[in-house]
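Chains as they are written, first to last, in our numbering: chain A, 1 to 257; chain B, 1001 to 1257. Structure, as structure tokens:
2 protein chains.
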Amino acid sequence: MKEQLTIVKVGGKIVEEDLSLQQLLNDFSKIDGHKLLVHGGGRSATALASKLGVESRMVNGRRITDEAMLEVVTMVYGGLVNKKIVAGLQAAGLNALGLTGADLNYMISDKRPVKEIDYGYVGDVKQVNAAILADLIQRGVVPVLAPLTHDAAGHLLNTNADTIAGEAAKALAAFFEVTLVYCFEKKGVLSNEDDDESVIPTLDPHSFSTYVASGVIQGGMIPKLENAFSALHSGVSKVVITRADAIHTSGGTIVML
Amino acid sequence: MKEQLTIVKVGGKIVEEDLSLQQLLNDFSKIDGHKLLVHGGGRSATALASKLGVESRMVNGRRITDEAMLEVVTMVYGGLVNKKIVAGLQAAGLNALGLTGADLNYMISDKRPVKEIDYGYVGDVKQVNAAILADLIQRGVVPVLAPLTHDAAGHLLNTNADTIAGEAAKALAAFFEVTLVYCFEKKGVLSNEDDDESVIPTLDPHSFSTYVASGVIQGGMIPKLENAFSALHSGVSKVVITRADAIHTSGGTIVML
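Next up, the structure:
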């Protein structure tokens, strides 16, 4: 039987404020079994870009990444946020290892083709070399994945953290019984956006379609859930959408096929 | 018999300008056997600090690292410079892995005690966990070490890259036949600073003392050579001081006991 691996994706404010980061690291370290953390850092990137006079442009929630912005996100995601998390996890007794897709060549992307929009140095994941990650995890290492990949030709590429979590989960499902946990600021997917307690306990493709059709599920939650279903179709055992402070409990919305 | 490992330390302009970085990565990839790269990045850190209004203060060639400067060096050393090198080495066919001391807990430091000068978040190396590095190297991984360590209590510490190279070389000498190569802008240690061809072919502790007494060897070269002798005393097989474009040749100054 395969060993358990929990992949947690956190983003936004949680990892960018010292107090909430500390709480997250405590909660994360309480998860049983093998663990892997994927983080964002967009607010810090926007803040640094602004200080450096680099304009932040978003289209459909995705960051346009020109050369100057690529330097900013490489510094913030690969350096500041990633290393702060790694040092914090080490202090909590977890043997963390921070990675971009270029490190160990673990995730290769294609630069997104220019259609109506030129996203710049943004990567669409093409290949995950999961064996070397799996080997490290089996030896007790906790990978901490920054939202950066590479094209294997010398270029780093800005890549959505939800996507990285989903792709890593799929590829690692060959080696582990994978639970994928997407954290956001609510306790789960809500049936009533004005009621934080209205968590939908389980979602399958049919109920998902119904909620999308009725407008209950909308915006950024739609691609997140599409990632979730895609992960389940590719062998991931369980996907949970929950609040960061509940990652070591069984709360939240469970996505199933 | 132990396998060969070449540890190359590069700093300054070499890794911070795209053209010279590319040349370095080509030269580095030509080195036979196992390889490890240690890099600096001080000029980029000073440039970013300046843009952000963070004052750079140096004492005896060492950077005073307050909280704002620690963020700058974490971004520049751990992110920008390290990940650019890693992506470049991957493109050159080497399976690079960028690391700070916090990653895999491979190098632990003590925050430097405050005496006449408060260096701030600067680390003096206390412990190197070489086994996990050695294992990765034996499996074909090329570690790329940023000049950052941690205190194992959640804090990153700015640490001199020459020191990191020396300490890594000593600790890895238990596993490999280690050659340590310090690169700088000259072809080797010069007997006449006005003649770039006046490379001293070999230096031992006796000739080193003589050159220091006569003022031929001075400044930053003295701690570099002290690191070199210390490494040799701790089992490192060979130390070479040379120019970056000669790392895959046998040129430069060979330091011996």
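Backbone N, C-alpha and C fix where the C-beta goes; we use that ideal spot for every residue, glycine too.
Where does H233 of chain A land, buried or exposed, given buried means 16+ other C-beta within 10 angstroms?
The sequence position of residue 233 of chain A within the first sequence is 233, counting from 1. With fewer than 16 other Cβ atoms within 10 Å, it is exposed.
Once the 5 residues before and after A146 of chain A are set aside, which same chain residues still bring their CB inside 6 Å of it?
Start at 1 with the first residue of the first sequence, and residue 146 of chain A comes out as number 146. Within the same chain, A146 of chain A has close Cβ partners Y77, G78, N82, T100.
Is it buried or exposed, L19 of chain A, if we count other Cβ atoms within 10 angstroms and call 16 or more buried?
One-based indexing of the first sequence puts residue 19 of chain A at position 19. Under this definition L19 of chain A is an exposed residue.
Step through the CB atoms of chain B and report whether any lies within less than 8 Å of the CB of E71 of chain A.
Sequence index remark: in the first sequence, residue 71 of chain A carries index 71 (1-based). Output row for E71 of chain A: interface = yes.
Beta-carbon proximity check, A161 of chain A vs H39 of chain A, cutoff 8 Å
Counting from 1 along the first sequence, the entry for residue 161 of chain A is found at position 161. Counting from 1 along the first sequence, the entry for residue 39 of chain A is found at position 39. Taking 8 Å as the cut-off, the beta carbon of A161 of chain A is found closer than this to the beta carbon of H39 of chain A.
Could you list which residues in chain A have their beta carbon closer than 7 Å to that of Q1090 of chain B, in chain order?
The residue you call residue 1090 of chain B lines up with position 90 of the second sequence. Here the neighbours are A102, N105, H150, A152.
Do you know how far the Cα of T1253 of chain B is from the Cα of Q1127 of chain B?
Numbered from its first residue, the second sequence carries residue 1127 of chain B at position 127. Numbered from its first residue, the second sequence carries residue 1253 of chain B at position 253. Taking the straight line from one Cα to the other gives about 29 Å.
So is T1074 of chain B in contact with chain A if we call contact Cβ pairs under 8 Å?
The residue you call residue 1074 of chain B lines up with position 74 of the second sequence. Output row for T1074 of chain B: interface = yes.
Residues of chain B with CB under 8 Å from N260 of chain A, in chain order?
No information on residue 260 of chain A is available, as it lies outside the stretch 1 to 257 that chain A covers here.
Pick helix, strand or coil for P1143 of chain B, following the three-state DSSP scheme.
On the second sequence, position 143 is the one that residue 1143 of chain B refers to. Strand.
Report the neighbours of A45 of chain A on chain B: residues whose CB is nearer than 7 Å to its CB, in chain order.
Stepping through the first sequence from its first residue, residue 45 of chain A is reached at position 45. None at all; the shortest Cβ gap to chain B is about 11 Å.
Are the stretch 240-253 of chain A and the stretch 1164-1181 of chain B touching, with three or more C-beta to C-beta distances below 8 Å?
For the pair of segments examined, the stretch 240-253 of chain A was found not to touch the stretch 1164-1181 of chain B: the number of CB pairs separated by less than 8 Å stays below three.
Length of the line joining the Cα atoms of D1118 of chain B and H1150 of chain B
Position 118 of the second sequence, counted from the start, is the residue given in the question as residue 1118 of chain B. Position 150 of the second sequence, counted from the start, is the residue given in the question as residue 1150 of chain B. Distance between the alpha carbons of D1118 of chain B and H1150 of chain B is about 18 Å.
Quick one: which chain A residues come within Cβ less than 7 Å of H1155 of chain B?
Here residue 1155 of chain B is taken as the residue at index 155 of the second sequence, counted from 1. Correct list: A87.
What do you get for T159 of chain A, buried or exposed, if any count of 16 or more other CB atoms within 10 angstroms of its CB means buried?
In the first sequence, counting from the first residue as 1, residue 159 of chain A sits at position 159. T159 of chain A is buried by the Cβ-count criterion.
Taking 8 Å as the threshold (C-beta atoms), are I7 of chain A and L180 of chain A in contact?
Along the first sequence, read from residue 1 onward, the residue named residue 180 of chain A stands at position 180. Along the first sequence, read from residue 1 onward, the residue named residue 7 of chain A stands at position 7. Yes, they are a contact pair.
Ordered along the chain, which non-local residues of its own chain (more than five positions away) have a Cβ less than 7 Å from that of G61 of chain A?
Within the first sequence, numbered from 1, the residue matching residue 61 of chain A stands at position 61. Contacts found: G220.
When burial is assigned at 16 or more other CB atoms within 10 Å of the CB, is D195 of chain A buried or exposed?
Looking up residue 195 of chain A in the first sequence gives position 195. Within 10 angstroms of the beta-carbon of D195 of chain A lie fewer than 16 other beta-carbons, which makes it exposed.
Between which two residues does the alpha helix (DSSP H) carrying E16 of chain A extend?
As a first step, residue 16 of chain A is located in the first sequence; it is residue number 16 there, counting from the start. It spans 13-16 - the alpha helix (DSSP H) in which E16 of chain A sits, taken as one unbroken run.
For G1061 of chain B, decide whether its Cβ has a neighbour in chain A, counting only Cβ atoms nearer than 8 Å.
As a working note, residue 1061 of chain B is residue 61 in the second sequence. For G1061 of chain B, the answer is no, since every Cβ of chain A falls outside 8 Å of its Cβ.
Using the Cβ count rule (16 or more neighbours within 10 Å means buried), how would you classify V1142 of chain B?
Locating residue 1142 of chain B in the second sequence gives position 142, counting from the first residue. The residue in question, V1142 of chain B, is buried, as its Cβ has 16 or more Cβ neighbours within 10 Å.
Three-state secondary structure (DSSP) of Q1090 of chain B
The sequence position of residue 1090 of chain B within the second sequence is 90, counting from 1. Three-state result, Q1090 of chain B: helix.
Candidates B:Q1023, B:L1037, B:Q1022: closest to I1164 of chain B by CA position
For the purposes of this step, residue 1164 of chain B is taken as residue 164 along the second sequence, with counting starting at 1. From the listed residues B:Q1023, B:L1037, B:Q1022, the smallest Cα separation to I1164 of chain B is found for B:L1037.
Note down the Cα distance separating A1102 of chain B from A1153 of chain B, rounded to an integer number of angstroms.
As a first step, residue 1102 of chain B must be located in the second sequence, where it is residue number 102. As a first step, residue 1153 of chain B must be located in the second sequence, where it is residue number 153. Looking at the two C-alpha atoms, the distance is approximately 10 Å.
Neighbour list for L52 of chain A in chain B, Cβ cutoff strictly below 7 Å:
For this step, residue 52 of chain A is matched to residue 52 along the first sequence. By Cβ distance, chain B contributes K1051.
Note down, one range per segment and in chain order, each beta strand (DSSP E) of at least 3 residues found wholly within the stretch 1088-1139 of chain B.
As far as the stretch 1088-1139 of chain B is concerned, its whole beta strand (DSSP E) runs of at least 3 residues are 1095-1099, 1107-1111, 1123-1128.
Unbroken stretches of the beta strand (DSSP E), 3 residues or longer, contained in the stretch 1137-1210 of chain B
Residue ranges of uninterrupted beta strand (DSSP E) with 3 or more members, entirely inside the stretch 1137-1210 of chain B and ordered along the chain, are 1141-1145, 1148-1150, 1156-1158, 1176-1184.
What's the call for L1257 of chain B, buried or exposed, on a 16-neighbour Cβ count within 10 Å?
By 1-based counting over the second sequence, the position of residue 1257 of chain B is 257. Flag for L1257 of chain B reads exposed.
Determine the chain A residues that contact V1141 of chain B at a beta-carbon separation under 9 Å, and present them in chain order.
One-based indexing of the second sequence puts residue 1141 of chain B at position 141. What V1141 of chain B touches in chain A: L104, I132.
Below 8 Å between beta carbons: does that hold for A1092 of chain B and S1029 of chain B?
For the purposes of this step, residue 1092 of chain B is taken as the residue at position 92 of the second sequence. For the purposes of this step, residue 1029 of chain B is taken as the residue at position 29 of the second sequence. One thing to note: A1092 of chain B has its Cβ within 8 Å of the Cβ of S1029 of chain B.
Apply the 10 Å Cβ neighbour rule to T242 of chain A and answer buried if 16 or more other Cβ atoms are within range, or exposed otherwise.
In the first sequence, counting from the first residue as 1, residue 242 of chain A sits at position 242. Around the C-beta of T242 of chain A, 16 or more other C-beta atoms lie within 10 Å, and the residue is accordingly described as buried.
Closer than 8 Å, CB to CB, is L1021 of chain B near chain A or not?
For the purposes of this step, residue 1021 of chain B is taken as the residue at position 21 of the second sequence. No Cβ of chain A is located within less than 8 Å of the beta carbon of L1021 of chain B.
Residues bridged to E1003 of chain B by DSSP?
Here residue 1003 of chain B is taken as the residue at index 3 of the second sequence, counted from 1. DSSP lists B:F1176 as partners of E1003 of chain B.
Just the chain B side, please: which residues come within less than 9 Å of G33 of chain A by C-beta, in chain order?
Here residue 33 of chain A refers to the residue found at position 33 of the first sequence. Chain B residues near G33 of chain A: none, gap ~20 Å exceeds 9 Å.
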